[in-house]
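This is the structure we're talking about:
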């Protein structure tokens, strides 16, 4: 796989939306629904958030989700061969964010289109890479300190997966 030099990629991020996958591990227990979140460093400090990232050229959506799950949690996810998004969520830097009530997350680095999924993990996760920690938490009791927009995305994915 060929990667772009950092300077060129930064120019691209400032010029066009970036295609990404966003996903939330979900498990249903007798006591209710739990979602898996990672703790990570961000432009907003240390926050809890969903998982995901950009899709590489030539990579299928399934391959992108699998790559992010393995590099962040060390586990694969349960997915069909050609998974379709449960939801599409947009991320904007605040200076170009829509002001018309469109639901969106805040990402000061780029405008991204997140193809979003509720997933099951195939094994017990072990945080690595950008993940400082991983925890399953109650879908009703999400942490206060989350990436701006992540709570809305998680709630929508939980709602659509029931």
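Numbering (our numbering), first residue to last: 646 to 807. All C-beta atoms in this analysis are idealised placements derived from N, C-alpha and C, irrespective of residue type, glycine included.
Apart from the five residues on each side of it in sequence, which residues of its chain come closer than 8 Å, Cβ to Cβ, to residue 733?
-> 758, 759, 760 and 761
Distance between beta carbons of residue 793 and residue 718, contact taken as under 8 Å | Not a contact, Cβ separation roughly 23 Å.
Residue 787 vs residue 805 beta-carbon contact at 9 Å | no
With a cut-off of 8 Å, do at least 3 Cβ pairs link the region 653 to 665 to the region 740 to 751?
-> no
Pull up the distance between the alpha-carbon of residue 710 and that of residue 777, whole angstroms please.
-> 19 Å
At what residues does the alpha helix (DSSP H) containing residue 718 begin and finish?
-> 706 to 718
Roughly how many angstroms separate the alpha carbons of residue 790 and residue 692, rounded to a whole number?
-> 5 Å
Extent of the continuous beta strand (DSSP E) to which residue 795 belongs | Not the beta strand (DSSP E): residue 795 falls in the alpha helix (DSSP H), residues 795 to 806.
Which residues DSSP lists as bridging residue 819, in chain order | Residue 819 is absent from the structure shown; the chain starts at 646 and stops at 807.
Would you list the one or two residues that DSSP bridges to residue 671?
-> 680
Nearest CA to the CA of residue 796: which residue from 683, 727, 703 and 767?
-> 683
Between which two residues does the beta strand (DSSP E) harbouring residue 765 extend?
-> 757 to 766
If you draw a straight line from the alpha carbon of residue 726 to that of residue 707, how long is it in whole angstroms?
-> 7 Å
List the endpoints of the continuous beta strand (DSSP E) containing residue 649.
-> Element bounds for residue 649: n/a, residue is neither H nor E.
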